[in-house]
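Residues in the sequence shown are numbered consecutively from 18, following my numbering. By construction, the Cβ of each residue, glycine as well, lies at the ideal position given by its N, Cα and C atoms.
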Amino acid sequence: MKRVAAIITVLLFLLSLYYDLKVGTLPLKATAQMETAEVNAANTGDIAYVEHIVSRGETVLSIVERYTGTLPVEIDTVVQDFISLNQMAPEQIQAGKIYKIPIYRD
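Written as structure tokens, this is what we have:
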């Protein structure tokens, strides 16, 4: 009887391990972190931007590409626009903080 209980326990453990690795049990973070407040900069000559909460692993370039698709401008332009909007270098961004990300429309 002990042997049967041990086998059932091991099988349940292996089944739960397989399920956790294959499907997972933790909910995904909602992509609602992409709260954006687009600023209208049509006639003012200012840079159009969105405010974005940075997640781990994101870079300024990956965020800009998320909003605009392929870049219609040079990377140096993106860097300079980010610096002028945030008064800091793109390499210094931190996860969990809000930054102004330049957006480019065709």
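Worksheet item: Looking only at DSSP bridge pairs, what is Glu-68 linked to?
Response: Here the question's residue 68 lines up with position 51 in the sequence shown. DSSP output for Glu-68 lists Lys-117 as bridge partner(s).
Worksheet item: Within the chosen definition, does the region 74–82 reach the region 28–39 through at least 3 CB pairs nearer than 8 Å?
Response: no
Item to complete: Report back the beta-carbon spacing between His-69 and Ile-24 to the nearest angstrom; my notes put them in contact at under 8 Å.
Response: Residue mapping note: residue 69 aligns to position 52 of the sequence shown, counting from 1. Residue mapping note: residue 24 aligns to position 7 of the sequence shown, counting from 1. At roughly 52 Å, the Cβ-Cβ gap does not stay under 8 Å, so His-69 and Ile-24 are not in contact.
Worksheet item: Which whole-angstrom value describes the C-beta separation of Tyr-66 and Leu-102, a residue pair presumed to lie in contact below a C-beta threshold of 8 Å?
Response: For the purposes of this step, residue 66 is taken as the residue at position 49 of the sequence shown. For the purposes of this step, residue 102 is taken as the residue at position 85 of the sequence shown. About 6 Å separates the CB atoms of Tyr-66 and Leu-102; that is less than 8 Å, so the two are in contact.
Worksheet item: Just to confirm, are Thr-76 and Pro-107 a CB contact at a threshold of 9 Å?
Response: The residue you call residue 76 lines up with position 59 of the sequence shown. The residue you call residue 107 lines up with position 90 of the sequence shown. In contact: Thr-76 and Pro-107 (Cβ atoms closer than 9 Å).
Practice prompt. Run the CB neighbour count on Ile-92, radius 10 Å, all protein chains shown included, and call it buried at 16 or more, exposed below.
Written response: In the sequence shown, the residue the question calls residue 92 occupies position 75. It is exposed - the Cβ of Ile-92 has fewer than 16 other Cβ atoms within 10 Å.
Discussion item. Going by DSSP in three states, Ile-80 sits in which element: helix, strand or coil?
Written reply: For this step, residue 80 is matched to residue 63 along the sequence shown. If DSSP states are grouped into helix, strand and coil, Ile-80 belongs with the helices.
Worksheet item: Do the CB positions of Arg-73 and Ala-22 come within less than 9 Å of each other?
Response: Looking up residue 73 in the sequence shown gives position 56. Looking up residue 22 in the sequence shown gives position 5. Between Arg-73 and Ala-22, the gap from beta carbon to beta carbon reaches 9 Å or more.
Fill in: Nearest to Leu-64 (by Cα), restricted to the options Val-71, Val-96 and Ser-33
Taking the sequence shown and counting its residues from 1, one reaches residue 64 at position 47. Checking the sequence, you will find Ile at residue 64 rather than Leu. Looking at the Cα atoms, Val-96 is the closest of the given residues.
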